[in-house]
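*Asks:* Here it is, the structure, as structure tokens.
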Amino acid sequence: MQSIWTQLALVGVLVVINAIFAGSEMALVSLRESQIQRLERASRSGRVLAKLAKDPNRFLATIQIGITLAGFLASAAAAVSLARPLVPLLGFLGGAAEPAAIVLVTLALTFVTLVFGELAPKRIALQMPERWALLIARPLDLLASLTRPAVWALGATTDLVVRLFGLNPDSQREEISPDELRDIVSGNHGFTKEQQTIIAGAVEIADRRLRAVLVPRLQVFCLDSGTTAEAARLVLAASGHSRAPVVRHGGLDDTVGVIHLRDLVGLPDDRPIDERTRPPMLLPDSVPVVDALRQFKAERQHMALVVDERGAVEGIVTLEDILEEIVGEIYDETDRDVHSVRTEPDGTLVLPGTFPVHDLRDVRIELPGRPEGDYTTIAGLLLNCLGHIPTAPGENVTIDGWELTVADIDHHAITEVRARQTAVRPGSDAADADAADSDAADADAAGSDGGTGSAAAGSAGIESDDPGNTATSDSADTPQRPTAARDTDGPDRLVSTGPAGDSPSRPAPDTACG
Numbered sequence: 001m002q003s004i005w006t007q008l009a010l011v012g013v014l015v016v017i018n019a020i021f022a023g024s025e026m027a028l029v030s031l032r033e034s035q036i037q038r039l040e041r042a043s044r045s046g047r048v049l050a051k052l053a054k055d056p057n058r059f060l061a062t063i064q065i066g067i068t069l070a071g072f073l074a075s076a077a078a079a080v081s082l083a084r085p086l087v088p089l090l091g092f093l094g095g096a097a098e099p100a101a102i103v104l105v106t107l108a109l110t111f112v113t114l115v116f117g118e119l120a121p122k123r124i125a126l127q128m129p130e131r132w133a134l135l136i137a138r139p140l141d142l143l144a145s146l147t148r149p150a151v152w153a154l155g156a157t158t159d160l161v162v163r164l165f166g167l168n169p170d171s172q173r174e175e176i177s178p179d180e181l182r183d184i185v186s187g188n189h190g191f192t193k194e195q196q197t198i199i200a201g202a203v204e205i206a207d208r209r210l211r212a213v214l215v216p217r218l219q220v221f222c223l224d225s226g227t228t229a230e231a232a233r234l235v236l237a238a239s240g241h242s243r244a245p246v247v248r249h250g251g252l253d254d255t256v257g258v259i260h261l262r263d264l265v266g267l268p269d270d271r272p273i274d275e276r277t278r279p280p281m282l283l284p285d286s287v288p289v290v291d292a293l294r295q296f297k298a299e300r301q302h303m304a305l306v307v308d309e310r311g312a313v314e315g316i317v318t319l320e321d322i323l324e325e326i327v328g329e330i331y332d333e334t335d336r337d338v339h340s341v342r343t344e345p346d347g348t349l350v351l352p353g354t355f356p357v358h359d360l361r362d363v364r365i366e367l368p369g370r371p372e373g374d375y376t377t378i379a380g381l382l383l384n385c386l387g388h389i390p391t392a393p394g395e396n397v398t399i400d401g402w403e404l405t406v407a408d409i410d411h412h413a414i415t416e417v418r419a420r421q422t423a424v425r426p427g428s429d430a431a432d433a434d435a436a437d438s439d440a441a442d443a444d445a446a447g448s449d450g451g452t453g454s455a456a457a458g459s460a461g462i463e464s465d466d467p468g469n470t471a472t473s474d475s476a477d478t479p480q481r482p483t484a485a486r487d488t489d490g491p492d493r494l495v496s497t498g499p500a501g502d503s504p505s506r507p508a509p510d511t512a513c514g
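Okay, here's the thing in structure tokens:
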């Protein structure tokens, strides 16, 4: 009987050893590079851990030697010695009693090893990888040194096998991709909604260019270079802007500089403002948003003119515009992006054609399946899908359960768009009927909260009522250019080119946009 308890104790010790090695493997493999670097700076054990992590062959071979030996010895110790006491109990099986006892002991040992020696320690190590890794780092490093010949032989053989598969055995672990980071953040309940928005925004701007966030020249609030200081102060105060480009008769392409409201303090009332203008900051429209933010910080500027490849000014971008790409829209009492959105009794949203596509989430319109294209506004999205410039209101497209209809046209420009939800997309905020009702109320009430403080009137222009015409818009000299459109196919973006209503002027072809 004493021999049996000794064998059970030995098996228990070997299962514990197996558990330590299995958990160590999971803890080391699951540590991210940033965690390893932080632990390396914190303690001596962290430095040993970092040394182990830099050589996966070394620690994986050591761990595998430990797991294999522990499992082998446990099986050898239990298979025969623990099976013998069961043979008399299985005597009714005759000659098959001893093999049956060995099979039963093996199955029981396998169960115990899997649960207590593999699965449970790995689950625990996943929940506390840093603590586990720090505890075993130094013992594992010592064991790796003691078994160096065997570790080297296993590592060299493993490298050879890896090369046979066409891979590089010296390559490091892959960096986390932006999509993986978004999934991690969205699935982590430890982040608040605001934190998720900021992290997702910081990831998304990595590939975004200035042309996607600028305020188009037709909507830029400007001051004429001949405007007097007194008139400029009144106009800027009335418009809600703190600064504005100062232009000559050529519009934005003939920009003299930028004037700030505080620059006008101390300037005689009858003096022209071009005496105090500052040189404008110029940025190409192809510059990544991240680089533009870096230049804003380096030059301590808050506004820049955005120039295309032909040297023409496309519009302006402000520091606030860029920050909003990261933290979401920042509305004040003068911002008109959401102020200009109306909600009709049936829940349909009416938006200006200049409403930025990347701000649609602010009014609870989610279009993840919208087609790629060189457009930045909802009017540009419609042109992209239609493939032509509409001549009358009523033409519509359907994207991700939202029907977008041309509501108003001024010359060749789509000035107003109606958005009506025709189907609830699974997983969207609108999936809950109560949430949909509150969303419509939020969009309707946002008029009292929307605004910006920059010279760009958000994404909607501000016109001056000054009789002296001291505030100008650049719309007179530059005709609106519709976004280039293209025809593509997609299952969830249907195009109807006939006006809405009972008597369409043209039939609606079965065309897809996407």
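Numbered by the UniProt record's numbering, the letters in the sequence shown go through residues 1 to 514 in order. Even glycine gets a Cβ: it sits at the ideal position worked out from N, Cα and C.
#1: What is the rounded straight-line gap between the Cα of Leu383 and the Cα of Glu366?
#2: Out of curiosity, what's the CA-to-CA distance linking Ala42 and Ala292?
#3: Using the Cα positions of Asp253 and Ala244, report the straight-line distance between them to the nearest angstrom.
#4: Is it buried or exposed, Lys54, if we count other Cβ atoms within 10 angstroms and call 16 or more buried?
#5: With distances taken from CA atoms, which of Thr415, Val115, Tyr375 and Glu309 is nearest Ala19?
#6: Counting pairs of Cβ atoms below 8 Å between the stretch 356-364 and the stretch 216-229, do you hit three or more?
#7: Between which two residues does the beta strand (DSSP E) harbouring Pro368 extend?
#8: Would you report the Cα separation of Arg418 and Trp402, rounded to the nearest angstrom?
#9: Could you check what DSSP says for Asn396 in three-state terms: helix, strand or coil?
#10: Quick one, which of Gly155, Gly190 and Asn396 has its alpha-carbon nearest Pro169's?
#11: Where Val103 and Ser45 are concerned, what is the direct C-alpha to C-alpha distance, given to the nearest angstrom?
#12: What's the C-alpha gap between Glu463 and Leu264?
#13: In angstroms, rounded to a whole number, what distance separates the CA positions of Ala125 and Val397?
#14: Quick check on the burial criterion: 16 or more other C-beta atoms within 10 angstroms. Buried or exposed for Arg123?
#15: Should Val327 be labelled buried (16 or more other beta-carbon atoms within 10 Å of its own) or exposed?
#16: Short check: CB of Arg233 to CB of Glu325, under 8 Å?
#17: How would you label Ile4, buried or exposed, when you count the other beta carbons within 10 angstroms and need 16 or more for buried?
#18: Give every residue of the same chain whose Cβ lies closer than 6 Å to the Cβ of Asp477, excluding the five residues on either side of it in the sequence, and list them in chain order.
#19: Output the boundary residues of the alpha helix (DSSP H) element that contains Val317.
#20: What residues in its chain sit with their C-beta under 6 Å from that of Leu280, if we drop five residues either side in the sequence?
#21: Return helix, strand or coil for Pro284, following the three-state DSSP convention.
#22: Can you tell me whether Asp270 is buried or exposed? The criterion is at least 16 other CB atoms within 10 Å of its CB, across all chains shown.
#23: Which residue's Cα is closest to the Cα of Val246: Gly240, Leu261 and Ala238?
#24: Within the continuous alpha helix (DSSP H) that includes Leu160, where are the two ends?
#25: What are the boundary residues of the alpha helix (DSSP H) that includes Ala200?
#26: So for Asp207, helix, strand or coil by DSSP?
#27: For Thr376 and Gln295, what's the separation of their Cα atoms in angstroms?
#28: Name the DSSP bridge partner or partners of Val307?
#29: Which partner residues does Pro279 have in the DSSP bridge list?
#30: What does the alpha-carbon distance come out to for the pair Leu14 and Ala74?
#31: Would you grab the beta carbon distance between residue 596 and Leu49 for me? Rounded to a whole angstrom, and I think it's under 8 Å.
#32: List the residues that DSSP assigns as beta-bridge partners of Gln64.
#33: Consult DSSP for Gln37 and reduce its assignment to one of helix, strand or coil.
#34: Leu282: which of Gln421, Glu299, Gln196 and Arg276 sits nearest, CA to CA?
#35: Pick from Phe59, Gly240, Phe111 and Glu40: whose alpha carbon is nearest that of Ala150?
#36: Going by Cα to Cα distance, which pick from Arg47, Val317 and Pro368 is closest to Val290?
*Replies:* In terms of the structure at hand:
#1: 18 Å
#2: 35 Å
#3: 14 Å
#4: exposed
#5: Val115
#6: no
#7: Counting along the chain, Pro368 falls outside any beta strand (DSSP E), and DSSP gives it neither H nor E.
#8: 10 Å
#9: strand
#10: Gly155
#11: 43 Å
#12: Residue confidence is low: Glu463 scores 36 on pLDDT, short of 50, so the model does not pin down where it sits. Its coordinate-derived value is still stated next. Using only the alpha carbons, I get a separation of about 21 Å.
#13: 52 Å
#14: exposed
#15: exposed
#16: no
#17: exposed
#18: Unreliable placement is indicated for Asp477, whose pLDDT of 42 sits below 50; the coordinate value is still reported in the next sentence. Here the set comprises Gly251.
#19: Unbroken run through Val317 is the beta strand (DSSP E), Val313 to Thr318; no alpha helix (DSSP H).
#20: Per the sequence shown, residue 280 should be read as Pro rather than Leu. Counting only Cβ-Cβ distances below 6 Å, and skipping sequence neighbours, we find Thr255, Gly257, Val258 and Leu305.
#21: strand
#22: exposed
#23: Leu261
#24: Arg148 to Leu164
#25: Lys193 to Glu204
#26: helix
#27: 23 Å
#28: Pro284 and Val313
#29: Answer is none; Pro279 lacks a bridge partner.
#30: 6 Å
#31: A query on residue 596 cannot be resolved here, the shown segment of the chain reaching from 1 to 514 and no further.
#32: Partner(s): none; Gln64 has no beta bridge.
#33: helix
#34: Glu299
#35: Phe59
#36: Val317
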